[in-house]
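Some notes on the structure that comes next.
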Amino acid sequence: MASWLLAGLRLPLALGAVALAGYAVLFAGPFDLRILTLCGIYALLVLGFQFVFGHAGAVSLAQATFFGIGGYVTGILATKFGLGFLSTFPLSIAAPVLLAVVVAVPVLKLEDHYFSLATLGIGLVVLLFAIQWSDVTGGANGLPGIPSIDIAGFVIADRRFVLWFVWAVVVVGCLVSFQVTRGLYGHAFHLMREDRAAASALGLNIAHLRFAAFILSAAYAGAAGALMAHVIHVVSPENLDLSLMVTCLTMTVIGGRTRIAGAILGAILIVYLREWFRVLENYYMIAYGSAALIVLILAPYGLVGAAERLRRMVFGPSVVKPPSALVHAQPAVGSAHAEPLLAVHDVTLAFGGVRALDGAGLALREGEIVGLIGPNGSGKTTLLNVISGLYVCDQGHVAFMGRDITKAPAHEIARLGIARTFQHVHLVDELSALDNIAVARAAFDGAGLLKAITTCGPDHGLETARGTAMAAAERLGIAGVVMEPCGGLPYGTQRRVEIARALAMEPKLLLLDEPAAGLNEQEQLVLADRIRSFAADGITVMVVEHNLVFLTALVERLICLERGRVIASGLPDAVRREPAVIEAYLGLGNPAVFPLKAVTS
Amino acid sequence: MSLLQLVINGVALGAAYALVALGFVFIVNATGAVNFAHGDLVMAGGYVAVSLGALAPVPTLILLPLVAIIMFVLGLALALLAYFPLINRPPSTVFISTLLCGIILQNAFVVLFGPQARAAPPLIASGAWHLGQIEISVQALGTMVVAAVLIALQYMVFARTQIGRRLRATAEDRQMAQAIGIPAYALIAATFGLGTALAGIAGALLANQFFVYPTGGISLSVYAYIAVVIGGWGSIAGAVIGAMLISLFQVVVSAYVSYAVATGLLYTTLLLIFLVRPQGIFGERVQRRA
């Protein structure tokens, strides 16, 4: 318990919370009680917004809309139908969630700016509805006379009790948020936000993750909006307009995008700042905007992020012991089937006028190590992207273990057992190397939203994943550095983290994109040994490389691509002698055997 | 009103919107970032025209160069404050910083000019020509001419001059542009200046007929954003066409239903467009480079 409390920012946060709670209970006057209640409501709104903006990395501008809808549902049901809190509150959460589900289909597949604009458009349509549909919503003046919270006849009217009730809901919100983000499921969000290509190549369903984040944000906003309606006894179009959205965004940016403490700190700070700056009269919004801008520039991870970094600078990083490796029983190596493991047939893909792939075809047998070579721009990486589902080819088909995967999405292909690495490092800098590897298990070990919320005690899914990750790290010789954040590791080590991550998926087929780039000869030998050991475990490996020395010693077969089609395939020495290959690399009319050293880069 | 009259009104408004969208897409292209203060900068241009008009009672046309220069400087200030400190952060950060700058601007307008709407002097003179049933105000015609000249001018600069090529290179890939000796930062700052100057001129043109008021910029930011999205992200011609479509939609539809309903229909149409074509009307479907 003591060591848990001393880790990270927990001690100062706990002390601050105790001090604030003590102040609220003992000293706060009516004004402070009201302000602190508002802080709680905004904290809830921001906690929800963190899912979509912080964890999923999508700038949604509909958060205030969901908040307003929650408020209006409570207002309409309470004033026109006389319903109590026990029915209005769940319905106020359900209504914005329903809207989120309906709009999610067209909106969530949009990227970046298009997503922001679409959510903004939804907000403006709802705002117009609230103003125009005055019979029900009260129009521009809103709906007054919303009663206090009434739980089955027990009315919470006293300001102190209202404060406690609101903060009790906030605590529940914090717990759910903690549950969702602490385990393997939360880690999946980090990778999905930072790098979509890598996330889907690890089998993560990005659409599902974004959907979950969007729905959660709507639910929190609905709850916050309902509480707001009870506390200020009125709902008006102000509850869902753009300035509320800006306030929510500002609180999230200032507090911290992914930290629970950040949501609470941001809410309290901004609500109080606004009250303090009110003495500036007309200038207060200017001062408020400037303060937010300064924090945005100086503290990229919000105030909580800045405090975490400061603590790390002063006290050094908290040392955590790496877990022990968890070695799974190797799946029995299947007897070599007659049909190939992977069959790529006549694949064509054009980018505008450029035909990156032009009828490329190849077949891999189970358990073999194959090298894929070809001059720059010959389509090697594009072919890898087509196989792993990041691109969909225009023509042709791809089959894996007899199953057609031509049009399958990347995450499904990954789940079937195809793992890959990238030419450029695709890792999350802030996460430790171990957790970067452990994310590979998220798609396989059933890390879902409901499971994450209902997990009590330690997250066994995460522990198992870390054990598996440790085993993969040991095989790549990086066990000593796994607890360090990936961003600080040398480039060569980062590449090995990537291979370990692919390995942790326990794939049947491993696609490596230029794994030897930047390694010296000694390191290349070690890498070749490791790749052979993967093959010995029954993993089929295809290596994209320029380095022929490395490949010739490693692979059983070479395949050479040129202008998007396979021009040679066979034993390494035979391929090197192939006139077409020599011509592709060196130009026409050079009779020599393709020299080994010339392309060793 | 006849449909032809509505279309003429729509094109006149669209000419001003096109300038707004043009400035917006400049900054998008140079930085990859959305400038959400853009609409507020349009209002700032309107307020500059109002202030200058109060100092010197001459037609706004004569004041336009001065408006452009003042707004250019304001654009540089915006770049220094809201873009350069955040240059290595994700584009959404710039979205937020410009949003905050917009809030600051809106409240500065309240402090300096009060919350009520203000009007700038006409471009040349008030009055209108009549062609049978059709009426064209001098202001509307002037707006169209000024917008057409500026759009043609920017096309010449971007397509034909060395500085235009450098600007496009910077927009395409900042690091690569720097590597071949293009002063990318200076060009980005200049783009902010130019984009803001265009916004300011649009504001000065709009400020006579449509007034300026502190919160008037928000919807203009959104219109510019929509124009660029339906025109295809980053396409200059697409932005101009998108702006025209928006204004035509607004003017024609609001003749039959209320203005609020027309605006609601505009956003609903936008959402429906996204449902069918997630890449916008004119956007080309390209696979993400992984």
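Chains as they are written, first to last, in this note's numbering: chain A, 1 to 601; chain B, 1001 to 1290. From the three backbone atoms N, C-alpha and C, an ideal C-beta is built for every residue, glycine too.
For Leu296/A, which residues in chain B fall below 8 Å Cβ to Cβ? Listed along chain B are Leu1086, Thr1093, Ile1096, Ser1097, Leu1100, each with a C-beta nearer than 8 Å to that of Leu296/A.
Taking the alpha carbon of Ser432/A as the reference point, which residue from Ser177/A, Leu244/A, Ala218/A, Arg466/A has its own alpha carbon closest? When each option's Cα is compared against that of Ser432/A, the closest is Arg466/A.
Judging by CA-CA distance, which residue of Thr1191/B, Asn1208/B, Leu1061/B is the nearest neighbour of Ala1117/B? Residue Asn1208/B is the option with its Cα nearest to Ala1117/B.
Within 10 Å of its beta-carbon, does Glu1172/B have 16 or more other beta-carbons around it, so buried, or fewer, so exposed? By the Cβ neighbour-count rule, Glu1172/B is exposed, with fewer than 16 other Cβ atoms within 10 Å of its own.
Is the segment 43–53 of chain A in contact with the segment 220–239 of chain A, if contact means three or more CB pairs nearer than 8 Å? Flag = yes, the segment 43–53 of chain A and the segment 220–239 of chain A touch.
Checking the sheet assignment: what are the DSSP bridge partners for Gln395/A? According to DSSP, Gln395/A bridges with Thr348/A.
Expressed to the nearest angstrom, what Euclidean distance is found between the alpha-carbon atoms of Gly1032/B and Ala1237/B? Roughly 17 Å separates the two Cα atoms.
For Arg10/A, which residues of its own chain have a beta-carbon under 6 Å away from its beta-carbon, when the five flanking residues on both sides are left out? Answer for Arg10/A: no residue qualifies.
In the segment 524–554 of chain A, which residue ranges form an unbroken alpha helix (DSSP H) of at least 4 residues, counting only runs that do not cross its ends? Here the runs fully enclosed are 548–554.
For Gly492/A, the three-state DSSP class (helix, strand or coil): In the three-state DSSP reduction, Gly492/A falls in the helix class (H, G or I).
Residue nearest to Ala1148/B in terms of C-alpha spacing, selected from Leu1198/B, Ala1125/B, Leu1187/B, Ala1044/B: Minimum Cα distance to Ala1148/B is reached at Leu1198/B.
Using three-state DSSP, classify Ala360/A as helix, strand or coil. Residue state, collapsed to three classes: strand.
Checking contacts by CB at 7 Å: is Asn282/A closer than that to chain B? Judged by the 7 Å Cβ criterion, Asn282/A is in contact with chain B.
In whole angstroms, give me the CA-to-CA distance for Ala19/A and Leu13/A. Ala19/A and Leu13/A have their C-alpha atoms spaced approximately 10 Å apart.
Quick check on DSSP: helix, strand or coil for Asp429/A? Asp429/A carries a coil assignment under DSSP once its states are collapsed to helix, strand and coil.
Would you decide whether Ser1235/B is buried or exposed? Buried here means 16 or more other CB atoms lie within 10 Å of its CB. Burial call: buried.
When DSSP builds the beta bridges, which residues end up paired with Leu273/A? Leu273/A is not bridged to any residue.
Please confirm whether Val314/A and Met483/A have their CB atoms less than 7 Å apart. Result no, Cβ atoms of Val314/A and Met483/A do not sit closer than 7 Å.
Determine, using beta carbons only, whether Val386/A comes closer than 7 Å to chain B. No Cβ of chain B is located within less than 7 Å of the beta carbon of Val386/A.
Is the separation between the beta-carbon of Val1212/B and that of Tyr1047/B shorter than 7 Å? Their beta carbons are under 7 Å apart, which means Val1212/B touches Tyr1047/B by this criterion.
Reduced DSSP secondary structure (H/G/I, E/B, other) of Ala1290/B: Any reading at Ala1290/B needs caution, since the residue's pLDDT is 42, under 50, leaving its predicted position unreliable; the model's value is listed next. Residue state, collapsed to three classes: coil.
So is Pro1278/B in contact with chain A if we call contact Cβ pairs under 7 Å? Taking a beta-carbon distance threshold of 7 Å, Pro1278/B counts as an interface residue toward chain A.
Since Ser217/A meets chain B, which of its residues come closer than 9 Å, beta carbon to beta carbon? Result: empty, since nearest Cβ-Cβ is about 15 Å, beyond 9 Å.
Cβ neighbour criterion (16 or more within 10 Å) applied to Lys508/A: The residue in question, Lys508/A, is buried, as its Cβ has 16 or more Cβ neighbours within 10 Å.
So which residues of chain A does Leu1220/B contact, with C-beta pairs closer than 9 Å? In chain order: nothing, as chain A lies at least about 13 Å away.
Pairwise C-alpha distance: Val59/A and Ala618/A: Shown here, chain A extends from 1 to 601; a query on residue 618/A therefore has no answer.
Status (buried if at least 16 other CB within 10 Å, exposed otherwise) for Ile294/A: Exposed, by the Cβ-count rule.
7 Å Cβ cutoff, Ala118/A in contact with chain B: Any Cβ of chain B closer than 7 Å to the Cβ of Ala118/A would place that residue at the interface, and such an atom is present.
For Leu1167/B, which residues of its own chain have a beta-carbon under 6 Å away from its beta-carbon, when the five flanking residues on both sides are left out? Correct list, in chain order: Leu1187.
Could you tell me the distance, in whole angstroms, from the CA atom of Met542/A to the CA atom of Leu326/A? The straight-line gap from Cα to Cα measures roughly 26 Å.
With DSSP collapsed to three states, give me the class of Trp133/A. Note: Trp133/A maps to coil in three-state DSSP.
For Asp445/A and Gly461/A, I'd like the C-alpha separation in whole angstroms. Distance between the alpha carbons of Asp445/A and Gly461/A: 7 Å.
Hey, Ile582/A and Ser569/A: beta-carbon distance below 7 Å or not? No, these two residues do not count as a Cβ contact at 7 Å.
Helix, strand or coil: which one does DSSP assign to Trp1233/B? Of the three classes helix, strand and coil, the one that applies to Trp1233/B here is coil, per DSSP.
Paired residues, beta bridge with Ile151/A - DSSP: Looking at the DSSP assignment, Ile151/A forms a beta bridge with Phe154/A.
Are there three or more Cβ pairs, one per stretch, closer than 8 Å when the segment 136–154 of chain A is compared with the segment 68–80 of chain A? Yes: at least three Cβ pairs fall under 8 Å.
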